[in-house]
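Undergrad: The sequence shown lines up with residues 5 to 213 when you count with my numbering.
No residue lacks a Cβ here, since even glycine has one placed at the ideal position from N, Cα and C.
Note that the structure is a prediction, hence the values are computed from the model and not measured.
Have a look at the structure that comes next, please.
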Amino acid sequence: MAADITFYTNPMSRGQIARWMLEEVGQPYEMIILDYGPAMKAADYLAINPMGKVPAIVHKGKVVTEAAAICAYLADAFPNAGLAPPLAERADYYRWMFFAAGPVEAAVSNKALGLSVPEGRERTIGYGSFDHMINALEQAVSGEQWICGDQFTAADVYAGSQVDWGLTFGTMPSRPAFEAYAARLRERPAYKRQKELDNALIAQMQRPA
């Protein structure tokens, strides 16, 4: 089957999130790997993503960038995969996907860079404080299954990637709710395929010439 999706990525990037979503969707895709040198800043790729970053997808001529947007787009583009709740039941889906893309991403990145919000200035930044963000995220994933109850969705791919990476790299505290949620995520066949594919590419890229 010919691929309608072109996937631009680097295995050592947030492209892992988009690949996991692609594997969940189960549609064929063409992969183009870009290095962190000239390839991402070349004119032909900047025409796709002016930020010169990965991931990006092109689906039937439509460009989507930003990992959270790619997850949401693919869930809607391929509804048979069942990765988005019915429209009337999307409150938690939107709430926590956007929370992960905004406050979680910002708070974790700032902490990793050694940046902190000055005392008394918490209201000037979207996540307030790292601890407030972590407590809220814990609430989102404390159920027995998924963010939207019994249905695994694109919100779990995106927010779940944040939790999975946070535990793996020590950028989030280990809490029972996070560990249990990550364990469920890691059992998904699409997650395992993504890790196998990207880890193989990473090993190949790191192999001496």
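#1: With residue 61 as the anchor, note down where its beta strand (DSSP E) starts and where it stops.
#2: As an exercise, report each continuous beta strand (DSSP E) stretch of at least 3 residues that is fully enclosed by the segment 64-130, in chain order.
#3: Which complete beta strand (DSSP E) runs does the segment 28-61 hold, if anything under 3 residues is left out?
#4: Looking at C-alpha atoms only, which residue of 175, 186 and 190 is the closest neighbour of residue 135?
#5: Just to confirm, is the Cβ distance from residue 44 to residue 14 under 9 Å?
#6: Evaluate contact between the segment 20-38 and the segment 63-75, counting only Cβ atoms and requiring at least three cross-stretch pairs below 8 Å.
#7: Could you compute how far the alpha carbon of residue 151 sits from the alpha carbon of residue 53?
#8: Which residues in the same chain as residue 50 place their Cβ atom closer than 7 Å to its Cβ, once the five residues preceding and following it in sequence are excluded?
#9: Any idea which residues DSSP pairs residue 150 with across the strands?
#10: Quickly, what does DSSP pair residue 12 with across the bridge? List them, please.
#11: Compare the C-alpha of residue 132 against each of 101, 107, 171 and 113 and name the closest.
#12: Under a Cβ-count criterion, where at least 16 other Cβ atoms within 10 Å of its own Cβ denotes burial, should residue 193 be classed as buried or exposed?
#13: Leaving out five residues on either side along the sequence, give the residues of the same chain with a beta carbon under 6 Å from the beta carbon of residue 34.
#14: Is it right to say residue 164 is buried, meaning 16 or more other beta carbons lie within 10 angstroms of its own, or is it exposed?
#15: Which one of 208, 189, 30 and 200 has the shortest CA to CA distance from residue 83?
#16: Using only alpha-carbon positions, find the residue among 153, 86, 101 and 118 that is nearest to residue 70.
#17: Between the alpha carbons of residue 195 and residue 187, how many angstroms are there, rounded?
#18: Below 8 Å CB to CB, which residues in the same chain sit around residue 130 once its five sequence neighbours on both sides are set aside?
#19: Mind checking which residues open and close the alpha helix (DSSP H) that includes residue 161?
TA: Here's the rundown:
#1: Here residue 61 refers to the residue found at position 57 of the sequence shown. Residues 60-63.
#2: 66-69
#3: 33-37
#4: Here residue 135 refers to the residue found at position 131 when the sequence shown is read from its first residue. Residue 175 is the option with its Cα nearest to residue 135.
#5: Here residue 44 refers to the residue found at position 40 of the sequence shown. Here residue 14 refers to the residue found at position 10 of the sequence shown. Result yes, Cβ atoms of residue 44 and residue 14 sit closer than 9 Å.
#6: yes
#7: Looking up residue 151 in the sequence shown gives position 147. Looking up residue 53 in the sequence shown gives position 49. When rounded, the distance between both Cα atoms is 30 Å.
#8: Residue 50 sits at position 46 when you count from the first residue of the sequence shown. Closer than 7 Å at Cβ, skipping near neighbours: 56.
#9: The residue you call residue 150 lines up with position 146 of the sequence shown. DSSP, once it has assigned bridges, lists 153 as partnering residue 150.
#10: Counting from 1 along the sequence shown, the entry for residue 12 is found at position 8. Looking at the DSSP assignment, residue 12 forms a beta bridge with 36 and 60.
#11: On the sequence shown, position 128 is the one that residue 132 refers to. Measuring from the Cα of residue 132, the nearest candidate turns out to be 107.
#12: Here residue 193 refers to the residue found at position 189 of the sequence shown. By the neighbour-count rule (16 or more Cβ atoms within 10 Å), residue 193 is not buried but exposed.
#13: Here residue 34 corresponds to residue number 30 of the sequence shown, with the count starting at 1. Excluding sequence neighbours, residue 34 sits near 7 and 10.
#14: Residue 164 sits at position 160 when you count from the first residue of the sequence shown. It counts as buried.
#15: In the sequence shown, counting from the first residue as 1, residue 83 sits at position 79. Selected option, being the one with the closest Cα: 30.
#16: Taking the sequence shown and counting its residues from 1, the one referred to as residue 70 is at position 66. Among 153, 86, 101 and 118, the Cα nearest to that of residue 70 is on 101.
#17: Looking up residue 195 in the sequence shown gives position 191. Looking up residue 187 in the sequence shown gives position 183. If I take the Cα positions, the gap works out to 11 Å.
#18: Taking the sequence shown and counting its residues from 1, the one referred to as residue 130 is at position 126. For residue 130, where only same-chain residues beyond five positions count, the Cβ hits under 8 Å are 106, 107 and 110.
#19: Position 157 of the sequence shown holds residue 161. Per DSSP, residue 161 belongs to the alpha helix (DSSP H) from 158-173.
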